[in-house]
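A.B. asks: Chains as they are written, first to last, in the working numbering: chain A, -10 to 372; chain B, -10 to 372; chain C, -10 to 372; chain D, -10 to 372.
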């Protein structure tokens, strides 16, 4: 390793605390200057630039995972790269292991990922080695007893994995969850929310029970987390496919994100043309995959985000929903831009619509089917 | 209309009761022979040949609707066509209006759809005209007071629409649902089920609380309906896009189907290769669309069903889940055919896996990204 | 039919000549005012607003058809609707039969399509009936003997179908083609062209043999037609699937469009990121289908065109190609925005690239495959 | 490196000749036993098990490349793995560099890829180092003067790349091509072929000029290569995107494959339902990508091949085509299983088809468009 400034993504946990000292040991890194600790409040940025696009996309990985960790990574990387540029650093270092989703966000810099360097991972075979190293070097380590699993928490979600959770048939302990209440102990009465969207993102939430109302992005999200958390919303226990080809078991709780997914799905279907929606949903699947795989900063993800955003221009209106015992129920919706036409669809009114046309429509659709069956010798007695 | 035998899909409701008499009036139809009423129990066939393929597909239309009505139609059509062939009929008649999803299943026969024939729909402008006609012709009609909405019930679900539900912002009345309990009144303790799958379909369900166990297809489905119904599972309120281009509001309850969707998603992800799954999920979106649009009996739906079925060969294993207050929670899963490798994924064991490889993997993935950013003049200070 | 102004898309052929008089006969139409014949030169608009987006998309229907007729229809419709609006017309009429691709472009207006109206098509069973009618009403008709097929010509292509061509195994007559020379009689030396693109559309073409150069959109396209026509480029004989479900045999010649497709494919792959390109190609398939089916003026086609256009921002550069005996050969390309990196790809230089990484990349890609084969008991002797 | 038997994929060229000796030098490899040279004729297997599935798929990578090299790799790997298993080898070695498409086919074995090992690639910086090493060790090397590009030839194609071709704007030298004649010097009269397909693969080819006929898979392919080669068919010059993210320039000639692609496209569209075809074409794009990226032996490629094969059940019939000056022209086709219905499509016959239906079909398709435009305030003067 050549000499130069290293910017380390430091969580304060055991791993990165040890890495900090280990990097210093490696000579090239030189002196650690304590003034250079940057602590930034990225919460509003995280909500507006990362969670909101995911809401617009209805982003769900493998039909279930709402991407809480995946969305946070590019947000952190962006900040990390900013710091590295400002500091004219030569290296970026992080504590991710070789088995988690690698991230391509920092590719401008040389990366030092000790958990992928033999000198490091052969020296520190497990937690005990790290503890011993910490003690020897006077590294302060978290004193809380270690849970028999690992967790990753951010504004959007908490994920739990490894340890006793690695056995995919073991049930999650009741006391695992920190962000959501156990639905069994959740209130016996629902909260009813009204959420207003503009261009596919929430711009206001009101609780109809107590008239609480929020309209700043971060406030909206925090409030939905609070309500969702109170009612035990957004817990899932899944096995997912990591980018690097392993299956891994994860337990997640994403209270606010789960409410928003349901609310956005509803207002989107209400206001968007169905064929546009089909195309957009295909792009969303791609988006979710890209985000999961660490490709937020890629030309294809830029492109897909642009297209999805374009699709949201008319996604505007208000939904009412209730939150209760772990569930979100849509109750109703309205929009100045809906393609829903009550008169057209009504069974009691004929409106502009000629029922005869349906017969022509069906017969034309059947032209092809008839030929196919004719060929197969499956024609009816009559024909 | 030329003369000939008509087979009418008769529900016993007001519409088809009137159509029955009206068809007779039209002369060509001739005498209605009372012996020719066919009542068939299609429940097992419905479950095995229509619901099971939907379970294998994780079939969901527009991310939310589980296709209860759409799956029943080809099952009914098949039976209808069988009767028509046996009876050497010339026409098939049904009471579907021009605004609902037209069905291409019966295209071998000439269809008489009175609600799409001006002579009929101009004569019967609304319910009152039908009532009057029924009275005049001595047609017995349902005496139960008409709910201010219409519903369609089958083994898989009940759908509610039109009437007061046509206003998309109106909330569903509390007493609307017939198949599921209100989650607020559901039991305060969960049921825990164990469901075993083979080739992607459930072959056994056991209730761990009372050891109830079912292993015939119809029994399994009925039992899941019972448990799901008891806990208020599977209620949704959506606006969907009909085949004919209208948006329409529907409320559905699909208790057993909702449990199976969650269970199958889990065992499938656990046992199926991730890339196969991606391709298969694309086919499933197509499948759902085809079923919704009435193309069950089409070459493309045959093809897609074949491919999906092929993908299910190794979808085998058992999931445990709890059902509580409207929610289904996956608790754990095991399988003799899982691609999950506990040792491989473990954070505590290195196994066969060399963490160095992850760095090479990332760097190769970044080759393309680097070139892209180089071109955009976005290179880092260092490069 | 109620009274009101009709705008008729009039080609001057036998069909629309007769329709003109027949419409007058129908009473409601009233007087035909001869001053109201609008002849508009839509050529530049056709090239810039319809052909260019197709070039950006690499639009090809069912892998072979370059959509010459399909692209012209929305261009004509737009003009027709403009006239109809200006004239405050109530109806639009056209001579399309019921078996050709119906077009949804004019849906604001009531359409009078005589070939789909029983009164008309039952009266005029064939060409002879029309001829007789024309004679009786003093309608001047084309005197040229009718070819035993029908053709549709525009700036982009000529299509030939029906008549003797309806037998799909019959060969096209040698003298069929009007826009391209028979390759057997084409020049024995190629023309070499240089085409420059900006944002995915050609902005200049130069013939390296004689230095002819064009840079206005219409001129470029006309010149490519001339060169392509001279060398017999762009002839195809296909069976295609019409929107309405029939298979139909068509013979097309699209000289300039074929050259542009090859040239654009080349410059696009040269300048566009590969993952963006994959997504964009999926959108292009959709675009081609929409255009073929008559949905140019639809929300989904608007959306797709927007996305495709976005993808073209960096599609810029120059290709050289030769045109000879029906073929287009790419010879070379250069671009200020290419992602091609000669040093990176070179076999003789190592550049920034570490060959070790490839091994890590492969091993990570194989993690999943190894698990799959392990499960199948297919492991190697060694493992 | 641990000791054990190595199986080397040996081409006889300079690289693998040196690798052979170098491996021996590395100690662990031990003695090279000369009896163990396996030369196998894989030609028929290559055609039947690799080229035929590609023909069924219409496999084309990035719209242009017919995958000649990519298809040969799994064929070679299969044989290599067979030998390695038979010989109870521990390693497989090959001469591929780090910049070419890595192949995941041999993942059961430990791979020794010297061009990705620093000890090797740092020692042999270029061709000269290898030559010197060869001389020193008495390794016989090809005496033919080295062309200023590299080539890879197999039964299906020859590819040319690197060297002077690395400049993407340089034209290919006239004397580059070895498998196809220069179209300028090709015969002045076409050959006309008749190719018969069953289940999507060619089962017979007949030259209508001289009645030559072939019906064994390998013979058919060789004959098509001969005819295509004679007429200069299948030359392309492209820039493609490699799996590892680089753009690379390649020149290919694929005479027989190009004829088959055109012939198969035609018979497939003639016999396959259009909606099946759309789904199948999506799978084919995936298939081409997988093959290109070296994933022939993967669960997803198995799955996709199975689905594509299923789609070919009715792809049966005969096409006539002419081959001339680099071009393939379809002339006609017939099939006992075509969905083409001459009577149905005829403009002169009405057949079973009611033109009225087309109007209903259009109006229903326009329901959605009308709502969309209504919302945008774009309604016509009349509405």
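Even for Gly, the Cβ is constructed at its ideal location relative to N, Cα and C.
May I ask you to report which of helix, strand or coil DSSP gives residue 356 of chain A?
C.D. replies: Position 367 of the first chain holds residue 356 of chain A. Residue state, collapsed to three classes: helix.
A.B. asks: Counting only beta-carbon atoms, is residue 197 of chain B nearer than 9 angstroms to chain C?
C.D. replies: As a first step, residue 197 of chain B must be located in the second chain, where it is residue number 208. No - not a single Cβ of chain C is within 9 angstroms of the one on residue 197 of chain B.
A.B. asks: Between C/243, C/292, C/301, which lies nearest to residue 254 of chain C when the distance is taken from Cα to Cα?
C.D. replies: In the third chain, the residue the question calls residue 254 of chain C occupies position 265. Nearest of C/243, C/292, C/301 to residue 254 of chain C, Cα basis: C/301.
A.B. asks: Determine the burial state of residue 178 of chain A: buried for a count of at least 16 other Cβ atoms within 10 Å of its Cβ, exposed for fewer.
C.D. replies: As a first step, residue 178 of chain A is located in the first chain; it is residue number 189 there, counting from the start. By the 10 Å Cβ count, residue 178 of chain A comes out exposed.
A.B. asks: Give the secondary structure of residue -10 of chain D by DSSP, where H, G and I count as helix, E and B as strand, and everything else as coil.
C.D. replies: Here residue -10 of chain D is taken as the residue at index 1 of the fourth chain, counted from 1. The predicted model places residue -10 of chain D with a pLDDT of 43, which falls under 50 and marks its position as unreliable, so this point remains unresolved.
A.B. asks: Cβ closer than 9 angstroms: which chain B residues qualify as neighbours of residue 292 of chain D?
C.D. replies: Locating residue 292 of chain D in the fourth chain gives position 303, where the first residue counts as 1. What residue 292 of chain D touches in chain B: 262, 264, 265, 268, 269, 296, 299, 300.
A.B. asks: What does residue 232 of chain B reach in chain C if we use C-beta pairs closer than 9 angstroms?
C.D. replies: Numbered from 1 along the second chain, position 243 holds the residue referred to as residue 232 of chain B. Residues of chain C passing the Cβ test: none, with the nearest at roughly 15 angstroms.
A.B. asks: Residue 347 of chain A to residue 286 of chain C, Cα distance in whole Å?
C.D. replies: For the purposes of this step, residue 347 of chain A is taken as the residue at position 358 of the first chain. For the purposes of this step, residue 286 of chain C is taken as the residue at position 297 of the third chain. So the alpha carbons of these two residues sit roughly 22 angstroms apart.
A.B. asks: Residues of chain D with CB under 7 angstroms from residue 361 of chain A, in chain order?
C.D. replies: If you number the first chain from 1, residue 361 of chain A lands on position 372. By Cβ distance, chain D contributes 262, 328.
A.B. asks: Considering just the uninterrupted stretch of the alpha helix (DSSP H) at residue 110 of chain C, what are its terminal residues?
C.D. replies: In the third chain, residue 110 of chain C corresponds to position 121, counting from 1. Residues 107 to 110.
A.B. asks: Could you give the DSSP three-state label for residue 168 of chain B: helix, strand or coil?
C.D. replies: Locating residue 168 of chain B in the second chain gives position 179, where the first residue counts as 1. Looking at residue 168 of chain B - three-state DSSP - the assignment turns out to be coil, as it is neither helix nor strand.
A.B. asks: Please identify the residue among B/304, B/197, B/174, B/320 whose C-alpha is closest to the C-alpha of residue 218 of chain B.
C.D. replies: Taking the second chain and counting its residues from 1, the one referred to as residue 218 of chain B is at position 229. For residue 218 of chain B, the nearest C-alpha among the options comes from B/174.
A.B. asks: Output needed for residue 35 of chain C: all residues of its chain with C-beta closer than 7 angstroms, excluding positions within five of it in sequence on either side, in chain order.
C.D. replies: Taking the third chain and counting its residues from 1, one reaches residue 35 of chain C at position 46. Around residue 35 of chain C: 61, 64, 144.
A.B. asks: Helix, strand or coil: how does DSSP classify residue 36 of chain D here?
C.D. replies: Taking the first residue of the fourth chain as 1, we reach residue 36 of chain D at position 47. Helix, per DSSP.
A.B. asks: If you count every other CB in all the chains shown that lies within 10 Å of the CB of residue 116 of chain D, and 16 or more means buried, which is it?
C.D. replies: Position 127 of the fourth chain, counted from the first residue, corresponds to residue 116 of chain D. Its Cβ having fewer than 16 others within 10 Å, residue 116 of chain D is exposed.
A.B. asks: How long is the line joining the alpha carbons of residue 168 of chain D and residue 244 of chain D, rounded to whole angstroms?
C.D. replies: On the fourth chain, position 179 is the one that residue 168 of chain D refers to. On the fourth chain, position 255 is the one that residue 244 of chain D refers to. When rounded, the distance between both Cα atoms is 8 angstroms.
A.B. asks: Opposite residue 142 of chain C in the DSSP bridges: which residues?
C.D. replies: Here residue 142 of chain C is taken as the residue at index 153 of the third chain, counted from 1. BP columns for residue 142 of chain C point to C/147.
A.B. asks: Can you find a CB in chain B that lies within less than 9 angstroms of the CB of residue 357 of chain C?
C.D. replies: For the purposes of this step, residue 357 of chain C is taken as the residue at position 368 of the third chain. Closer than 9 angstroms to some Cβ of chain B, the Cβ of residue 357 of chain C qualifies, so yes.
A.B. asks: Does the beta carbon of residue 369 of chain D sit closer than 9 angstroms to a beta carbon anywhere in chain A?
C.D. replies: Reading the fourth chain from its first residue, position 380 is the one you call residue 369 of chain D. With a pLDDT of only 39 at residue 369 of chain D, under the threshold of 50, the placement of this residue in the model should not be trusted, and no figure is reported.
A.B. asks: Among the residues of its own chain, which have a CB less than 7 angstroms from the CB of residue 190 of chain B, if the five just before and after it don't count?
C.D. replies: Taking the second chain and counting its residues from 1, one reaches residue 190 of chain B at position 201. Here the set comprises 41, 44, 45.
A.B. asks: Return the bridge partner residues of residue 180 of chain C from the DSSP annotation.
C.D. replies: Along the third chain, read from residue 1 onward, the residue named residue 180 of chain C stands at position 191. Residue 180 of chain C pairs with C/312.
A.B. asks: So if I threshold CB-CB distances at 7 angstroms, which residues from the segment 304 to 316 of chain B count as touching chain A?
C.D. replies: For chain A, the residues of the segment 304 to 316 of chain B that bring a beta carbon within less than 7 angstroms of one of its beta carbons are 313, 314, 315, 316, in chain order.
A.B. asks: What is the residue span of the alpha helix (DSSP H) that residue 271 of chain D lies within?
C.D. replies: Against the fourth chain, residue 271 of chain D aligns to sequence position 282. Segment 263 to 281, the alpha helix (DSSP H) holding residue 271 of chain D.
A.B. asks: Which chain C residues are close to residue 391 of chain D, counting only those with a beta carbon under 8 angstroms from its beta carbon?
C.D. replies: Examination of residue 391 of chain D is not possible in this model, given that chain D is present from -10 through 372 alone.
A.B. asks: Going by Cα to Cα distance, which pick from D/231, D/293, D/360, D/-2 is closest to residue 333 of chain C?
C.D. replies: Your numbering for residue 333 of chain C matches position 344 in the third chain. The option with the nearest alpha carbon to residue 333 of chain C is D/231.
A.B. asks: Based on the DSSP output, what are the partners of residue 191 of chain D in its beta bridges?
C.D. replies: In the fourth chain, residue 191 of chain D corresponds to position 202, counting from 1. Answer is D/186, bridged to residue 191 of chain D.
A.B. asks: Is it a yes or a no for the segment 349 to 364 of chain C touching the segment 255 to 268 of chain D, going by three-plus beta-carbon pairs under 8 angstroms?
C.D. replies: Cβ pair count under 8 angstroms is below three, so no.
A.B. asks: Hey, how far is the Cα of residue 352 of chain B from the Cα of residue 363 of chain B?
C.D. replies: The residue given as residue 352 of chain B occupies position 363 in the second chain. The residue given as residue 363 of chain B occupies position 374 in the second chain. Those two C-alpha atoms are separated by around 15 angstroms.
A.B. asks: Using only the alpha-carbon positions, how far apart do residue 305 of chain A and residue 221 of chain B sit?
C.D. replies: Residue mapping note: residue 305 of chain A aligns to position 316 of the first chain, counting from 1. Residue mapping note: residue 221 of chain B aligns to position 232 of the second chain, counting from 1. So the alpha carbons of these two residues sit roughly 31 angstroms apart.
A.B. asks: Since residue 128 of chain A and residue 6 of chain A should fall inside the 8 angstroms C-beta cutoff, what is the C-beta to C-beta distance between them, to a whole number of angstroms?
C.D. replies: Looking up residue 128 of chain A in the first chain gives position 139. Looking up residue 6 of chain A in the first chain gives position 17. Confirmed, about 5 angstroms.
A.B. asks: Below 8 angstroms on the Cβ atoms is my contact criterion, and I expect residue 12 of chain A with residue -1 of chain A to pass it. Report the Cβ-Cβ distance as a whole number of Å.
C.D. replies: Counted from its first residue, the first chain places residue 12 of chain A at position 23. Counted from its first residue, the first chain places residue -1 of chain A at position 10. Wrong, their Cβ atoms sit about 11 angstroms apart, outside the cutoff.
A.B. asks: The beta strand (DSSP E) with residue 230 of chain D in it runs from where to where?
C.D. replies: The residue labelled residue 230 of chain D in the question sits at position 241 within the fourth chain. It spans 224 to 230 - the beta strand (DSSP E) in which residue 230 of chain D sits, taken as one unbroken run.
A.B. asks: Enumerated in chain order, which unbroken segments of the beta strand (DSSP E) with a length of 3 residues or greater are wholly contained in the segment 24 to 82 of chain A?
C.D. replies: 80 to 82
A.B. asks: Less than 6 angstroms between C-beta atoms, sequence neighbours within five positions excluded: which residues of the same chain meet that for residue 309 of chain C?
C.D. replies: Start at 1 with the first residue of the third chain, and residue 309 of chain C comes out as number 320. Around residue 309 of chain C: 183, 320, 321.
A.B. asks: By how many angstroms is the C-alpha of residue 272 of chain D removed from the C-alpha of residue 326 of chain C?
C.D. replies: The residue labelled residue 326 of chain C in the question sits at position 337 within the third chain. The residue labelled residue 272 of chain D in the question sits at position 283 within the fourth chain. Taking the straight line joining both Cα atoms gives about 32 angstroms.
A.B. asks: Chain D beta carbons: is any one of them nearer than 9 angstroms to that of residue 272 of chain A?
C.D. replies: Within the first chain, numbered from 1, the residue matching residue 272 of chain A stands at position 283. Taking Cβ atoms only, chain D never reaches closer than 9 angstroms to residue 272 of chain A, which makes this a no.
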